[in-house]
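Notes to accompany the following structure.
Residue numbers (UniProt numbering): 1 to 382.
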């Protein structure tokens, strides 16, 4: 009698044993057959290590080795050793190798040999260098002070690269190289800091830039990195939302519905009633999605992802690479139907959305002005 229950399926891994062939070539010479007398297994000679050593000692060697094992150590037997035959002279010595052939007496710190100095002499500096004697000819306090305050002898203080002021100076130097007419040359203040000194190598690197790892590449065009102030929303950042699967059916033509997305907040708020006679955009409900992966930095919109768009000279934007901060990246997947009552205050089925477009109010305009002022200090916040 067959039961109505569905049998549970158990998954079991199959382990297959695979043998790999390791075919070795045959030996060049046939093996040597030894006539080993059979003493029987009872004598236990086959299992002892001395039995194999005894067989190896009894076999004569085919190679005749002399006392020096083939290496002629005795030079008397070599022809032309004592005849002065120098037909094969050694190669000439390289100039870089001459320092390796110095005698032991020449190694070490050289000492000054002053044979003309007597034991009884006045108190003064002794040096093997005549210039050094003339330099310290007079040891008055005035001369010592002059040598100490010599700017050529004074060493520059070490620069701390981790100092925030030095980091700002290095950043300002990059802008000074790009825009020398706008470089600030006054004293440091709370609002303006002078950039680090610009060297000739910095100017050459700006005029003829090279790839750090591929010097053979040639620069074709350059774009200044600028913010798109008019495209900033009131929050000051964007969000990237991706579908885990294709939201539309497979087709050869492009579905224009993919160009529009509506994000409905989870919190319940008051619905804004549509005024009479006002047109709106109507969107049909296809299916509902939920978030399952989110990434980003809520405190820093530039710390995770930044969108970049290249624009040539046009009507709205000048030539440049415009960046758009992305604070959050979200992945969507189709929402599964969960059994049980729906959440309190949440609308489960929204068949049609009527969307109206209006101008920003005062609060939204103030938020947008603050976001623009964070990128451009000259922008006045409302």
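Using N, Cα and C, we set each Cβ at its ideal position, and we do this for glycine too.
Cutoff 6 Å; reference residue i; Cβ partners in own chain excluding five residues on either side
{"i": "residue 301", "result": "237, 325 and 327"}
{"i": "residue 134", "result": "Here residue 134 scores only 47 on pLDDT, less than 50, and its place in the model is too uncertain to base an answer on."}
{"i": "residue 27", "result": "none"}
{"i": "residue 169", "result": "195 and 196"}
{"i": "residue 290", "result": "335"}
{"i": "residue 183", "result": "176"}
{"i": "residue 239", "result": "328"}
{"i": "residue 304", "result": "296 and 297"}
{"i": "residue 317", "result": "311"}
{"i": "residue 19", "result": "none"}
Inter-residue CB distance, residue i and residue j (contact presumed, cutoff 8 Å)
{"i": "residue 360", "j": "residue 234", "result": "7 Å"}
{"i": "residue 248", "j": "residue 330", "result": "Not quite, the Cβ-Cβ distance comes to about 19 Å (not below 8 Å), so this is no contact."}
{"i": "residue 285", "j": "residue 350", "result": "6 Å"}
{"i": "residue 227", "j": "residue 375", "result": "5 Å"}
Buried/exposed call for residue i, threshold 16 Cβ in 10 Å
{"i": "residue 176", "result": "buried"}
{"i": "residue 322", "result": "buried"}
{"i": "residue 262", "result": "exposed"}
{"i": "residue 33", "result": "exposed"}
{"i": "residue 53", "result": "exposed"}
{"i": "residue 225", "result": "exposed"}
{"i": "residue 232", "result": "buried"}
Distance, residue j Cα to residue i Cα
{"i": "residue 372", "j": "residue 13", "result": "60 Å"}
{"i": "residue 255", "j": "residue 336", "result": "24 Å"}
{"i": "residue 91", "j": "residue 103", "result": "21 Å"}
{"i": "residue 10", "j": "residue 368", "result": "59 Å"}
{"i": "residue 333", "j": "residue 365", "result": "34 Å"}
{"i": "residue 166", "j": "residue 172", "result": "10 Å"}
{"i": "residue 352", "j": "residue 260", "result": "15 Å"}
{"i": "residue 58", "j": "residue 100", "result": "53 Å"}
{"i": "residue 280", "j": "residue 358", "result": "10 Å"}
{"i": "residue 315", "j": "residue 251", "result": "36 Å"}
{"i": "residue 98", "j": "residue 76", "result": "33 Å"}
{"i": "residue 221", "j": "residue 310", "result": "11 Å"}
{"i": "residue 282", "j": "residue 257", "result": "12 Å"}
{"i": "residue 209", "j": "residue 163", "result": "28 Å"}
{"i": "residue 8", "j": "residue 16", "result": "25 Å"}
{"i": "residue 378", "j": "residue 370", "result": "11 Å"}
{"i": "residue 211", "j": "residue 181", "result": "26 Å"}
{"i": "residue 48", "j": "residue 60", "result": "22 Å"}
{"i": "residue 96", "j": "residue 188", "result": "53 Å"}
{"i": "residue 218", "j": "residue 105", "result": "57 Å"}
{"i": "residue 29", "j": "residue 23", "result": "18 Å"}
{"i": "residue 161", "j": "residue 186", "result": "23 Å"}
{"i": "residue 363", "j": "residue 178", "result": "38 Å"}
Sequence-distant residues of its chain with Cβ nearer than 7 Å to residue i (five each side left out)
{"i": "residue 312", "result": "319"}
{"i": "residue 174", "result": "none"}
{"i": "residue 308", "result": "321 and 323"}
{"i": "residue 244", "result": "331, 332 and 333"}
{"i": "residue 223", "result": "310, 319, 320 and 321"}
Nonlocal neighbours in the same chain, by C-beta distance under 8 Å from residue i, ignoring five residues either side
{"i": "residue 55", "result": "34 and 36"}
{"i": "residue 306", "result": "323, 324, 325 and 326"}
Cβ of residue i within 8 Å of any chain B Cβ
{"i": "residue 191", "result": "Given the protein chain composition of this structure (a single chain), no chain B is represented."}
Is it the case that the region 199-219 contacts the region 282-295, given that we only count it when at least three CB pairs across the two stretches are under 8 Å?
Output reads no: the region 199-219 does not touch the region 282-295.
Q | the region 205-217 touching the region 179-194, judged by at least three CB pairs closer than 8 Å | A | no
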